[in-house]
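Residue numbers (numbering that gives the first Met the number 0), protein chains in the order written: chain A, 0 to 430; chain B, 0 to 430.
All C-beta atoms, glycine included, are put in the ideal place defined by N, C-alpha and C.
In this text, all values refer to a predicted model and were calculated from it rather than measured experimentally.
There are 2 protein chains.
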Amino acid sequence: MTEKKIVPRKLQGFWELAPEKQVIFEEMLEKIKEIFKKHCFLPLDTPAMELSEILLAKSGGDIDKEIYRFVKGSTDACLRYDLTVPLARFVAMNENTLSFPFKRYQIGKVYRGERPQKGRLREFYQCDADIIGDGELSLVNDAECVKMYKDIFQNLNLAVQTEISNRKVLFGLVNGLGLGDKFSDIAICLDKLDKIGEDNVAESLTQLGLDKNQISKLIDLIKMSGNSQILQSASKLSNDEVFMQGIDELKSIDEYLKAMGLTEQDYKFNFGVIRGHNYYTGTVFEAYLANNRVAGAVGGGGRYDDLAGYFTQRKLPGVGMSIGMSRLFDIIEQSSQEKVEFCKCAVIPMGETLKECLNLVSFLQQNNICAEVYAENKSFKSKLKEANKRGVPFVAIIGENEVQSGIIAVKDMASSQQQSLTKQELLNLLR
Amino acid sequence: MTEKKIVPRKLQGFWELAPEKQVIFEEMLEKIKEIFKKHCFLPLDTPAMELSEILLAKSGGDIDKEIYRFVKGSTDACLRYDLTVPLARFVAMNENTLSFPFKRYQIGKVYRGERPQKGRLREFYQCDADIIGDGELSLVNDAECVKMYKDIFQNLNLAVQTEISNRKVLFGLVNGLGLGDKFSDIAICLDKLDKIGEDNVAESLTQLGLDKNQISKLIDLIKMSGNSQILQSASKLSNDEVFMQGIDELKSIDEYLKAMGLTEQDYKFNFGVIRGHNYYTGTVFEAYLANNRVAGAVGGGGRYDDLAGYFTQRKLPGVGMSIGMSRLFDIIEQSSQEKVEFCKCAVIPMGETLKECLNLVSFLQQNNICAEVYAENKSFKSKLKEANKRGVPFVAIIGENEVQSGIIAVKDMASSQQQSLTKQELLNLLR
Chain A
0 MTEKKIVPRK LQGFWELAPE KQVIFEEMLE KIKEIFKKHC FLPLDTPAME
50 LSEILLAKSG GDIDKEIYRF VKGSTDACLR YDLTVPLARF VAMNENTLSF
100 PFKRYQIGKV YRGERPQKGR LREFYQCDAD IIGDGELSLV NDAECVKMYK
150 DIFQNLNLAV QTEISNRKVL FGLVNGLGLG DKFSDIAICL DKLDKIGEDN
200 VAESLTQLGL DKNQISKLID LIKMSGNSQI LQSASKLSND EVFMQGIDEL
250 KSIDEYLKAM GLTEQDYKFN FGVIRGHNYY TGTVFEAYLA NNRVAGAVGG
300 GGRYDDLAGY FTQRKLPGVG MSIGMSRLFD IIEQSSQEKV EFCKCAVIPM
350 GETLKECLNL VSFLQQNNIC AEVYAENKSF KSKLKEANKR GVPFVAIIGE
400 NEVQSGIIAV KDMASSQQQS LTKQELLNLL R
Chain B
0 MTEKKIVPRK LQGFWELAPE KQVIFEEMLE KIKEIFKKHC FLPLDTPAME
50 LSEILLAKSG GDIDKEIYRF VKGSTDACLR YDLTVPLARF VAMNENTLSF
100 PFKRYQIGKV YRGERPQKGR LREFYQCDAD IIGDGELSLV NDAECVKMYK
150 DIFQNLNLAV QTEISNRKVL FGLVNGLGLG DKFSDIAICL DKLDKIGEDN
200 VAESLTQLGL DKNQISKLID LIKMSGNSQI LQSASKLSND EVFMQGIDEL
250 KSIDEYLKAM GLTEQDYKFN FGVIRGHNYY TGTVFEAYLA NNRVAGAVGG
300 GGRYDDLAGY FTQRKLPGVG MSIGMSRLFD IIEQSSQEKV EFCKCAVIPM
350 GETLKECLNL VSFLQQNNIC AEVYAENKSF KSKLKEANKR GVPFVAIIGE
400 NEVQSGIIAV KDMASSQQQS LTKQELLNLL R
């Protein structure tokens, strides 16, 4: 071994949890996956790297400084920065063998080489579920995305409310007002309503050249509330065809969500949901914790016209939902007060009973109990202390005298009470 | 959208399964993890990249051409090529907060930028479980690794036999023969016994300068069989202290494995298990399918004196086992003849019954059945065909006439038989 030691360091901004936290994270993953499976989504696991020409198709080959790029021999590749481009590449590559609608979920790490700062990671998990149609895709799928938020958060013991809009509504209204060419700027202004308030938004819109009537129509739209009320009264705001189509789509989604058993507690229409991404073309939504909207959105997504236009002639419309894994994990981790229980029973030998302890541990494991023997050459006292530190709820002690009788001393670590049990009684207790 | 399309391609040699295969892979992962958890191992998830000075500590900073390296601003980093260096870095970084023995498992992708060829991937999964001690570590942990092979493969419906040796045995014997300085060369020769046969090995050893008596002692050692026989008769081969220590360690492991309920079907001693890695210092083992040894090892591992000598003064001995994920997946995938069942029940509307279908699907999902509605604008016939293609075992059909009566037509796709059921009867059938 070298004399001089290298200081062990991790790359800043890269994902790494303490193992006890990782247990919580893995449980969260399992609960999310469980719902995707129940909704018949297939798992996908694409490479961490993609060819640069694929990953940079959108930007026409321009390399963003956020992207990690490797050039190695004849290989020019980048670490993926999201899971959507890999999905588009995968679907286009396999369009002749896949069954449509193709429903896939993917949970994986993505990479953005920006300067790390609080809350901004360079390596982090994304969790996406998308449904891709061949040519067309029913609005039932948009509703299914919203339903999945409810199911997933319920499975995590959290209540969620998804706020839903449709790009066509705002665009149609703006267009009907003769302001179609200013749509992007107007959308950016309106997106700030929550943050800067009505007066400031009105001021900005005035600067864009809108008159009072136009401004009040837009702000009225965004401030509307009450699901059925919205769908009824919004219709009166414009005769624009695209606008009407957007309202009709929302009406269908409303019907589907009701048929799925969702209520106003689970979703509400909110035309203030803008979503930054330009590729959304219809439904858009954001998911918020029901009792903690200020924590920010814990998910979002929407409908896009064409997933893989860079790679194939085939029109592949889709709708997708994603979950903000880091934020969700923070919420779950903060609310889990108890110690993580990764070992249900530690078995400690007293005297020469190691073999009996190994036998007991095998028996417990065989019966689905997480158990281990503390076999190291340490004092009994220090082993008990260790079990306590690790949050082990029960400790089984086998002493030399008890080997013959088959009786095990079992200590409940929470109450410190001890009882004498047979193997089978111990198993029943642990179950 | 651009007119000119980019051909969708994946990086060669990078991991990507068809979604139906990915289902099988994920099930395999779950079954492996289940056993690690039962043995109280904690999960670890380290970054895909490490600082170059960390990853290249072993080679004194020399960059191997197999390694993917990025230099970006002030960051000099490489993609990990195994999970052992990240473990060493992690343990050294957290040595004051971790509880020892520290038992962790990690399943993750690693990267080796070699030229892709059949069976050699540039991105592939590794699966490691290690137990790290503080200063010392009981041989019970070596036995636990062997036990985990049995448990994991049993959970995958496969029988495994682990072949066990101890580095000290061969080294001690060679040393006792006065050939200590030729140990590496001799080990390399002996490692070929399976492949090139006894005569050729003897020839190579002669060329190394060994006499007939020395050669026959070595070959006798390797050809020994029968667990209890080996432990008894091997003792007579040498008086070398290290040799005797190796035999004693194997005797302890033998006792522990028996106490854990393992028999000669599950493990055998075989001094022919050499293992290439120089860092193994004691127990070494390789796992083979019981009925298919020629498929090659499906796992391997062993004991090392010091995990993190490059990073810390603290002595951290460990023992680890790994599973060859690609090979294991090939075996499992080939043996799973049936279609993957990711949807238990497809619900198809006939006429205007979409809402009733959505309601039924929600009911089934709530009761833990993977179900989905076929809502696209396609013919009933093509939907039935689709269900068949996807391997869905049951199709529920709701027609307009049946909405009132609450009766659902349920088709068993295997037998083509159809029956009329209530919602609850359908659920019972699917359960």
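Inside the region 118 to 189 of chain B, DSSP marks whole alpha helix (DSSP H) runs of 4 or more residues at positions 139 to 154, 166 to 175, 182 to 189, from first to last along the chain.
When B:G281, B:K338, B:G132, B:Y266 are compared, the shortest CA-CA separation from Q244 (chain B) is found for B:G281. Beta-carbon to beta-carbon, I273 (chain A) and L220 (chain A) are separated by about 12 Å, too far to satisfy the 8 Å threshold.
Cβ atoms of I23 (chain B) and V318 (chain B) stay farther apart than 8 Å, at about 30 Å.
When 7 Å is used as the limit between beta carbons, K388 (chain B) is near these residues of chain A: S98, in chain order. Rounded to whole angstroms, Y104 (chain A) and K146 (chain A) show a C-alpha spacing of 15 Å.
Counting along the chain, S321 (chain B) sits inside the beta strand (DSSP E) bounded by residues 317 to 322. Bridge partners of E49 (chain B) according to DSSP: B:C77.
Identification of chain B residues near T311 (chain A) by a Cβ-Cβ cut-off of 8 Å yields K4, P7, ordered along the chain.
Two segments are said to touch when three or more pairs of C-beta atoms, one from each, lie closer than 8 Å; by this definition the region 383 to 403 of chain B touches the region 413 to 429 of chain B. If you check the CB distance, K167 (chain A) and G208 (chain A) do not come in under 9 Å. From the beta-carbon of P46 (chain A), the residues of chain B found nearer than 7 Å are K9, L10, F13, W14, E15, E122. Our two residues, S51 (chain A) and I322 (chain A), have alpha carbons roughly 26 Å apart in a direct line. Within the region 307 to 371 of chain A, the beta strand (DSSP E) runs of at least 3 residues that lie entirely inside it are, in chain order, 317 to 322, 344 to 349.
A straight line joining the alpha-carbon of Y255 (chain B) with that of S325 (chain A) spans about 43 Å. DSSP places S203 (chain B) in the uninterrupted alpha helix (DSSP H) bounded by 197 to 206. For the 9 Å CB-CB criterion, L176 (chain A) and K235 (chain A) do not form a contact. For the pair V360 (chain A) and E351 (chain A), the CB atoms are not nearer than the 9 Å cut-off.
Chain A places a beta carbon closer than 9 Å to that of M92 (chain B), counting this residue as a contact. In this structure, M320 (chain B) keeps its C-beta atom at 9 Å or more from the C-beta atom of Y80 (chain B).
Nearest neighbour of L261 (chain A) by Cα position, chosen from A:T161, A:Q336, A:N165, turns out to be A:T161. Proximity of Q364 (chain A) to chain B, defined by a Cβ-Cβ separation below 9 Å, is satisfied.
The three-state reading of DSSP puts Q417 (chain A) in strand, counting E and B together.
In this structure, the alpha-carbon of K102 (chain A) lies about 6 Å from that of L41 (chain A). Taking a beta-carbon distance threshold of 9 Å, A142 (chain B) counts as an interface residue toward chain A. When rounded, the separation of the alpha-carbon atoms in Q264 (chain B) and N376 (chain B) is 57 Å. Only those residues of the region 249 to 268 of chain B whose C-beta falls short of 7 Å from the nearest C-beta of chain A are listed: E254, Y255, A258, M259, G260. Cβ neighbours of I53 (chain A) within its own chain (closer than 6 Å, five residues either side excluded): R88. For the region 329 to 346 of chain A, the set of residues with a beta-carbon nearer than 7 Å to any beta-carbon of chain B comprises F341, C342, in chain order.
For the options A:S378, A:E248, A:E385, A:I331, the alpha carbon positioned closest to that of Q21 (chain A) is the one of A:I331. Looking at B:N269, B:K384, B:N165, B:K32, the one whose alpha-carbon comes closest to that of G225 (chain B) is B:N269. In the DSSP assignment, R8 (chain B) falls outside any beta strand (DSSP E) and carries neither an H nor an E. Secondary structure of K57 (chain A) (DSSP, three-state): coil. Here the alpha carbons of Q336 (chain A) and N366 (chain B) stand approximately 29 Å from one another. Proximity of Q244 (chain A) to chain B, defined by a Cβ-Cβ separation below 9 Å, is not satisfied. Under the DSSP assignment, G260 (chain B) falls outside any alpha helix (DSSP H); it carries neither an H nor an E label.
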